[in-house]
Amino acid sequence: MGYWGYFVVGRAERPLAELEALAGAGDMTLRRSAPGGWQVWEFPGGDGDVGNMNDLAGQTGAPALFGYVMDSDCVVLEAAAPDSGAWTTCLARTAMAGYLGAERDGLTLDDYFLEPRDAAERAVAWAAEAGCAASAGELAEVLSDDPGAGAGPVAENLFFRFLDRLGVVPL
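Numbering-wise, this note's numbering puts 134 at position 150 of the sequence shown, and it's gapless, one number per residue.
Laid out in structure tokens, this is it:
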């Protein structure tokens, strides 16, 4: 059985776990910090309310990102920024399609999540708002990397590679 849980990414002068926007996730652990006040917090498990990334972005005045890892197979990415807005995509699309079912109520994976190219463009704007330079091509490459279901703990690796390509938390 793989990992289930959230990674919360944001920038603030004080610990993100102390902010009202994340009050429902009291047992978060700091996983990594990076220059410029960037922080990655971990909230293990799939139960509970981690908070709202739009509220986190509004409260910090900086872009925020949540990554929900599903059994180490795939990741739901939710991002928000005060000016460029919110968007959602996923990592490891084949595995995610398996979790959603081939087709549910006539909807496909692309009805739920931005396609890699579109998500990469949104991610570049997110990174720019964060004061970072990111390449749409490099981001699209990570977003398109699709090892398939059951490939092991690749989802977490893809997530941290995505953060590195955003320019916020280097590998």
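Where a beta carbon is used, it is the ideal one built from N, C-alpha and C, also for glycine.
Beta-carbon proximity of residue i to residue j, cut-off 8 Å
| i | j | result |
| --- | --- | --- |
| L166 | G(-6) | Because the chain in this structure spans residues -15 to 155, residue 166 falls outside the shown range and cannot be described. |
| L0 | Q23 | yes |
| A(-4) | G21 | yes |
| G90 | A118 | no |
| A97 | T72 | Ala is not the amino acid found at residue 97; the sequence shown has Phe there. Cβ distance < 8 Å, so F97 and T72 count as in contact. |
| G161 | G(-11) | There is simply no residue 161 to check, as the chain begins at -15 and stops at 155 in what is shown. |
| E113 | A70 | no |
| M37 | E26 | no |
| F144 | L155 | yes |
| F(-9) | G85 | no |
| M80 | C58 | yes |
Three-state secondary structure (DSSP) of residue i
| i | result |
| --- | --- |
| R16 | strand |
| G(-11) | strand |
| R(-5) | strand |
| V24 | strand |
| E62 | strand |
| G82 | helix |
| G151 | coil |
| A5 | helix |
| G121 | helix |
| T92 | coil |
| F97 | coil |
| G42 | helix |
Between the CA atoms of residue j and residue i - distance to the nearest angstrom
| i | j | result |
| --- | --- | --- |
| N141 | G10 | 25 Å |
| E125 | M(-15) | 27 Å |
| E105 | P47 | 15 Å |
| L14 | G8 | 16 Å |
| V108 | V53 | 22 Å |
| D95 | C74 | 12 Å |
| G139 | D148 | Correcting the residue identity first, residue 139 is Ala in this sequence and not Gly. When rounded, the distance between both Cα atoms is 14 Å. |
| E122 | D33 | 32 Å |
| D102 | R(-2) | 33 Å |
Own chain, CB closer than 7 Å to residue i, minus 5 neighbours either side, in chain order
| i | result |
| --- | --- |
| S128 | P100 |
| D130 | A76, R77 and T78 |
| A18 | V152, V153 and P154 |
| R16 | V24 and V153 |
| A120 | A104, E105 and V108 |
Beta-carbon contacts of residue i that lie in its chain and below 6 Å, excluding the five residues immediately before and after
| i | result |
| --- | --- |
| Q43 | L3 and A5 |
| F146 | V126 |
| Y(-13) | V53 and S56 |
Residues near residue i in its chain [Cβ-Cβ closer than 8 Å; skip 5 each side]
| i | result |
| --- | --- |
| D67 | E113 |
| G45 | P66 |
Any non-hydrogen atom of the ligand ZN closer than 7 Å to residue i Cβ
| i | result |
| --- | --- |
| R106 | With respect to the ligand ZN, the structure offers nothing, as it holds no ligand at all. |
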